[in-house]
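Take a look at the structure below.
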Amino acid sequence: MNQEAVKDLLYKMADDQLILGHRNSEWTGMGPLLEEDIAFSSMAQDKVGHAQQFYNILHTMGEQDPDTVAFMRNANQFHNCQLVELPNGEYDFSLIRHFLFDHAEYIRFTALANCPIKDIANLSKKLKSEVKYHVMHADTWIKQLGTSTEEAKA
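Structural data, given as structure tokens:
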């Protein structure tokens with residue numbers, strides 16, 4: 081297996097998690113409802129924790145320690161997708177991003193659960209079981225907003 085390609089994938093997944101975790105944490109204290117504020121903050125914390133776990137695997141593959149990798153790189157050294165770094169704007173944008181990203185993430189972790197690299201397979205199985213709750217949360221909000229009043233849809 082091409083170790084550089086594996087590292088590249090791990091950096092992309094870790095950086096996506098870290099950046100989105102930070103973006104979502106910007107909603108702490110600002111959510112539309114107290115319960116939603118707490119839920120979104122909790123999911124943001126999960127994302128940062130997921131990033132840490134991917135950085136840990138990278139460290140076992142010879143990369144720098146997780147804190148150095150996460151916090152000592154320049155912006156142009158990150159491998160995240162553009163979706164996660166976009167400014168939050170209104171809450172509906174963050175909710176749609178959450179819906180799209182977590183659904184894609186669930187599919188990715190399902191596929192990686194069969195990875196021949198055991199550390200990646202085991203972590204993917206674990207994270208898939210956590211992300212399913214993020215997906216349920218996103219689905220609930222999208223359905224609720226999609227079937228609510230015209231004012232909420234605007």
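Residue numbering for the sequence shown follows my numbering, starting at 81 and increasing by one per position.
All C-beta atoms, glycine included, are put in the ideal place defined by N, C-alpha and C.
- Contact annotation: the stretch 134-151 does not touch the stretch 107-120, with fewer than three C-beta pairs closer than 8 Å.
- It is roughly 8 Å from the alpha-carbon of L203 to the alpha-carbon of A193.
- Ranked by Cα distance from K87, the options A155, L175, H159 are led by H159.
- When rounded, the separation of the alpha-carbon atoms in S105 and T220 is 20 Å.
- R103 has its alpha-carbon roughly 20 Å from the corresponding atom of K212.
- The Cβ atoms of S121 and G111 lie closer than 9 Å to each other.
- Contact annotation: R177 and V164 have beta-carbon atoms nearer than 9 Å.
- In its chain, beyond the 5 residues on either side, S204, L207, K208, V211 have a beta carbon closer than 7 Å to the beta carbon of F189.
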